[in-house]
Every structure is written in C-alpha cells, then in structure tokens.
Ligand code: ADP
Ligand code: ZN
Ligand code: ZN
C-alpha cells in the first residue's frame, strides 16, 4: 500500500479544519445518515463517492452542515463528487417522504431510486441522440363525448388534481392519456406514465412513440439495459426527456417540468414492490402529484377498492386520516371513514361507459357444473362453444390461472405427496420437461417412477394446470392448433413476442393460458373466453382475492370480441349465483365494488382501516415468533389507537428453508399508524435478534 505524501496529509488536515460536513445517505441497512468532510462543490443532491469500511460507496448528499455530532477526528473525507448535476430538492423530499412512510432507511430509498450506473458511481457513455423523425401524418380519432369530457377535465385542472378514469377495456382510456399528454407537451411540460409490466405490453411503447414522434421518451423498466436506464434518468433530470414511460421504478425519475402523471391499470399488484423497499408506486405517485401540485390520472377497468373508495362522494371532511400517503393537510384531506357505504370524495371520477370501437362488451354466462360430470375439466357447453369457434375459424381462449401440468404428484396407496424440502409447499408437476418444480423457490427434481415412501408404481398427478389442459384440448380437438401461454412458455421477452406474433398471425385456434394473456392485447379473432378453476378464489383466506379475481376475469373477458365479432365469456362454476359472477354478467363493476366495500367496512378491512405487517424470518419458526412477541411487547408500551394482533406463522410459513411469521398492526387513523410505526421501528432496531433473523415492515401490505 502506498502511504499518502506529506502534502496530501497536510491538505487533508486542512480540509478537516475548513470543509463543511456532508450528511450522506448510503445504501446500507441502517436507519441513519453518514457524515463526511466535503470536497468543494458538493451541495444537497450531489452524488458523492465516499470511503466506507474497506470499500467505497456512492451516496447522495442530503444536507450540508457546519458541524457533525461525531468527533472531528473520526470524519473521513469524501473521495469524489460525481459529475452529475445535483438532484433537486423535490427529489430528495420525495425520497425522505418514502423513507418515513415505509419505515425504510433513507439511503435504501435513494439507492433504489437511482438508476443502476449512478448507484455504482459510474456514468453512462454519452450517446448521440437519434435523429428527430418527421412530423406525424396520421389523423387522430374524433373523441367520444365521455372521452372529450375526461380530457377537458384533466387538461383544465390546476394544481393537485387526482382523477380516477374508470372505463372498460377498449373504452379509449389510452386515447385519453395520450391527449392529456399531448396538451402537456404543447405547454412545454414533462409527463410521466406508469404501467404495470411493459414487457407484457410492448405495443404501448410503440403507440406512444408513434403518437409523439418529436418527443423524447425515456423508457424505464427492468428490461432496459443499465446504461440506457441511467441515460433515461439523466435525460429526465436534465429536462431533455419529455415523457417518462415505465414501470413502478420510474416513479422516482427526477422531472423538473413535471405537469402530469398517468397510472395505467392502477389496480395492478405489480405497482407494489414485494421486497426490499416495499413501496406502492401508485401511492407514491399520488404523493408526488400533491407535492408538485400537478394532476394525476389513475386509470382502470377495475379500480382498486382503495382508489374507488376515494372516488365515491363522501360527507364533508371530519379531518383525520387519508387513504394514500400524503403529507400535511389539503383541501382534499377527508376522513378515512366517510359515511357508511360512501367514499372520501377525494378523487374525481371520470367514466367511460362504452367501448370505443366494438359495439358491445362480451356476453358473460356462467356454466353450472354442480350436476355435470366434467370431461377432463370441461363442460359440454364449453366444448360445444369451442367447436363452434373452430368451425367459424375464430379463436378461443381458455383461462386457467395455474401453470404446470398438475399442482401435485401423489401416491394413493400411502398418502405421499411431492413436497418441497425448502418450502411449505408442493412441487408442481411439469410434464412438458419431465420435472417437479417448486413455484416458490425454484427447486427442481425428476419425476419419480414409483412412490419414494412405499414403492407403489401407481402414482398420479392430481389437479389441473395449463399444461394438462393443453394436453386435454389437443386430444379432444386434434385438428386445432393449440398454443399455451404462461410463464413457462413465455419465459423470455423474445418467446413472449413470438407467441404474440403467432396469435396475431392467426396461427392458433385455441389459446390456453394464465393471467399473462389478460394484459392489454388485442386479439381480433378471439370470440370466446372460457374460464375454468376460478372458484377457489371466491373463498380464499386473503380478503383481497375476490377483488383480484374480478379484475382478472374482467380483463381476460375484455380480450374477446374487440373487432367486428361479438365476444362471449363462459365461466364454469359450482357457485353460479355468487354475487361476483352476477356482477360480471351484468358488467357492473360499481355493484361489485359497493358490495365488497360494504363487506370490508363490516369486517374492518382496508380501506376502512390502515394496516402494516411486521414480518420476521429465521431458521426456526420459534425464533421468528419469539422476535415478533418481543416486538409486540415493545409496541404495547407505545399504545394509542393501534390494534395489535398476535404473531402468527405466515401462510407459506417456510420458504427457501427460512421459516416466517408475521404480526399485523392496524389503526382507523393513518396519522396514528404513521406515528406509531416511527416510534416502533426505532425500537425494533434496538431489539436483540439471533444472527440468522431478518425482519422488515410492510406498510399497506397487499399480501398476507
Ligand atoms: P383502453 O385503453 O381503454 O383499453 P384504447 O384507448 O386502447 O382503450 O382504445 C381502444 C381502441 O379504440 C384503440 O384501437 C383505439 O385506437 C380506439 N379508439 C379510442 N378512442 C377512439 C375514438 N374516439 N374513436 C375511434 N377509435 C378510438
Ligand atoms: Zn406411497
Ligand atoms: Zn420450494
């Protein structure tokens, strides 16, 4: 190792005497900032490289102070200031809000908010900007009346204005977004549009680019290469990008001229990150719109009940809680509860009630399977409907939200079932590649010829997944071309694109697939959607399961009959009169939502209460539960308007050999919950834990 030269020592000494103290957010799992002595030119928002332990790390300067609480002799100097314009104050404030709201260290938030290269302290190579394309030559569709009303409301809004754009698939929501974005670009502003999974909807990117050929568009999702994502971030930051289009991570892009935020499919669960920083990009976006005083449009055919609740009229404000993360008080600061059966009135509801192109939405029917002996899982009515489509040269789609051949392999002689040794879950039979596979941890094994316990050779796959359905349909309709679409067959974007091409080219008669198929695609020849095996979600332990099922069925049903051909949806069920199916038949989302909200209110579930989960995992379940017990004891002392439940094992209590428990806390008041969580998490960091124990807080959890 080379010793520092005398002059270096001297200059370091000098700088210690003169330099201000930089408070730096570093991506380490500790809820604190780190003080360094600053080089010239570092200001709040600067990215700096600093020595940390034996390595160096990149962090964000949060504040510049005259003094540190640490002894001056202990302070180290930063290594370098990155050649990036400092991030603006509102970006730092956004990260600070997210850190407070989700009880996550600020350095973890800034680390996650920065694009990959900046996180590593690197800069992307400059790329020559592509030539600007000529002006558009297409003509825009004439807006329908409801679309025009929606566009006028959004473009005429001033300051913070949250909208729920509620319209079925094909009702022209995207057209409304594009018009609103066009107005923003005309005024010289920047727009941000978030979508659930861009990989599943590649044509959206094309549609936006085609509409705004002169606009500079930054695409941000995990499929974009590191350098490209980093360039997009810097372009947005410098004001060079006009439109940011991306998935949840794009919510953190700095946008100096931000004038509009659009969240498409706002109900989609993928807006919530399920590990590390467990943030909801939708809720963060609402905060951001408030912070920047701009309109935000949340669009969906099946809004989340939280959002729908905010778009229902409420009583005049009683003050108190609010439904999504926001700070301070504002004109829309309504009560969490509103009136019974009513909403909070915080969002303005814009409705598109008709399809923009096809005449009518598909006819939805239930097929009562209680008295019928199904043929390989399919009813006579469904088989007949499929044959008709085949004769007419139209497409059918059979929806089954379970991939693999069968959920489990079992021995009828001794009761053995194929279990995962790392998880509290079964190994799924994948006959296509002759494997047993755990869908939670990826563990694989060959398919045994005989029962490993008793040697019985007569072991069977039980239940039905997409592969089995595909095989069944192939047998029954040997003349049909059957395509299976799930995460196994579409495991890469390339495979997925090839499948989509095949469907569009009319190379498939029958599609078998999971909810992957439900996302934003037009299949012009598709006129039949069959739904099998959906009943389980009606009675699932998770109170959000019906909401998800309704959204999935609406979405998958919306795939049929988009062109001139009428569509039909057949749902096989043993509960034909269930209100969820009845609401689908009537195309009545509002009735479904009202009934669900009613149930949630009676049962004391969100959006009528606010929840957080403390989860812990360790080698042994006991250790996790003991920690949660101690956490609960610490919480009791804090008291005040909070309901604490008992620590319980998680439903999937073992995953990847780790055993997991959780503790639910809730409150009718958002501010009370927030204050409690802040005090509680400070104590949690002080609790003694076994070496192998990990814990985290999940605020507004979606999964239990
Ligand atoms: P959504 O986003 O609600 O599914 P889209 O905006 O994608 O709906 O519209 C569905 C289809 O209807 C698209 O092909 C779109 O180009 C077309 N469309 C939308 N609005 C109109 C309109 N006012 N007139 C004619 N076609 C329209
Ligand atoms: Zn056996
Ligand atoms: Zn497993």
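Residue numbers (the numbering used here): 5 to 708.
Beta carbons are placed, not taken as given, at the ideal position from N, Cα and C, and that holds for glycine.
Report buried or exposed for residue i, applying the criterion of at least 16 other Cβ atoms within 10 angstroms of its Cβ.
i	result
residue 773	Because the chain here runs from 5 to 708, residue 773 falls outside it and cannot be looked at.
residue 384	exposed
residue 415	buried
residue 685	buried
residue 455	buried
residue 71	exposed
residue 499	exposed
residue 338	For residue 338, the predicted structure reports a pLDDT of 36, less than 50, and the residue's modelled location is therefore unreliable. The matter cannot be settled from this model.
residue 696	exposed
residue 284	buried
residue 663	buried
residue 525	buried
residue 58	exposed
residue 518	buried
residue 332	Bear in mind that a pLDDT of 36 at residue 332, under 50, signals an unreliable position, so the number given afterwards is only what the model happens to contain. Under this definition residue 332 is an exposed residue.
residue 661	exposed
residue 328	A caution first: residue 328 carries a pLDDT of 43, below 50, which makes its placement in the model unreliable, though a value can still be read off. Buried: at least 16 other Cβ atoms inside 10 Å.
residue 260	exposed
residue 357	exposed
residue 649	exposed
Just to confirm, does residue i get its C-beta within under 7 angstroms of one of the non-hydrogen atoms of ligand 1?
i	result
residue 146	yes
residue 179	yes
residue 143	no
residue 383	no
residue 107	no
residue 171	yes
residue 368	no
residue 475	no
residue 361	yes
residue 151	yes
Rounded C-beta distance between residue i and residue j? I'm assuming under 8 angstroms.
i	j	result
residue 690	residue 309	With a Cβ gap of about 37 angstroms, residue 690 and residue 309 do not count as contacting.
residue 303	residue 270	6 angstroms
residue 610	residue 604	7 angstroms
residue 360	residue 176	4 angstroms
residue 563	residue 401	6 angstroms
residue 82	residue 43	5 angstroms
Check whether the Cβ of residue i lies closer than 7 angstroms to any heavy atom of ligand 3, and answer yes or no.
i	result
residue 426	yes
residue 418	no
residue 429	yes
residue 447	yes
residue 442	yes
Please name the residue in the options whose C-alpha comes closest to that of residue i.
i	options	result
residue 165	120, 49, 213 and 264	264
residue 540	427, 553 and 167	553
residue 645	613, 172, 282 and 579	613
residue 313	602, 223, 464 and 145	602
residue 575	453, 28 and 368	368
residue 704	495, 669, 694 and 687	669
residue 529	510, 542, 546 and 544	510
residue 145	180, 62, 584 and 543	180
residue 157	457, 448 and 298	298
residue 370	536, 234, 440 and 238	536
residue 461	420, 387 and 447	420
residue 105	615, 635 and 163	615
List the DSSP bridge partners of residue i.
i	result
residue 250	198 and 224
residue 101	Partner(s): none; residue 101 has no beta bridge.
residue 659	662
residue 38	28
residue 615	670
residue 382	379
residue 85	52
residue 166	300
residue 61	54
residue 185	Residue 185 pairs with nothing; no bridge assigned.
residue 352	167
residue 466	412
residue 450	439
residue 434	439
Check whether the Cβ of residue i sits closer than 7 angstroms to any heavy atom of ligand 2, and report yes or no.
i	result
residue 457	yes
residue 460	yes
residue 415	yes
Please find out if some non-hydrogen atom of ligand 5 comes closer than 7 angstroms to the beta-carbon of residue i.
i	result
residue 175	Because ligand 5 does not appear in the structure shown, any question about it cannot be addressed here, the ligands present being ligand 1, ligand 2 and ligand 3.
Are the C-beta atoms of residue i and some chain D residue less than 8 angstroms apart?
i	result
residue 145	Protein chain content of the structure displayed is limited to a single chain, and chain D is not contained in it.
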